[in-house]
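Asks:
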Amino acid sequence: MECKCCGRKPSEIEEYIEMVECGEYKTAELAAKDDGTYNPSTEKFLCTSCYIKVGMPLGRA
């Protein structure tokens, strides 16, 4: 599982790390799977910075 644009894994993205540290999710991967851009078919998502860079598209990565 990784960002479709930059290739970072959820465990490398501060936003998802903080969600785990706050107890919202058990793992960064679960946080990414809950992201609206997550595509279960490809295991890709858009991290927030890439999502903004590509124009904040609707739908899955």
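Under the working numbering, the first residue of the sequence shown carries the number 682, and numbering increases by one thereafter.
We put the beta carbon where it would ideally sit given N, CA and C, even for glycine.
Hey, alanine 713 and methionine 700: beta-carbon distance below 7 Å or not?
Replies: no
Asks: Could you say which of Val735, Gly717 and Glu695 lies nearest to arginine 741 if we only look at CA atoms?
Replies: Gly717
Asks: Check for me: the alpha helix (DSSP H) holding methionine 700 runs from which residue to which?
Replies: 695-702
Asks: Only counting the same chain, and skipping five residues up and downstream in sequence, which positions put a Cβ closer than 6 Å to that of lysine 720?
Replies: Note on residue identity: the sequence assigns asparagine, not lysine, to residue 720. If we look at asparagine 720 and ignore the five residues flanking it on each side, its Cβ neighbours are Arg741 and Ala742.
Asks: By the 10 Å Cβ neighbour count, where 16 or more other Cβ atoms means buried, how is serine 738 classified, buried or exposed?
Replies: Checking the sequence shown, residue 738 turns out to be proline, not serine. The residue is exposed, with fewer than 16 neighbouring Cβ atoms inside 10 Å.
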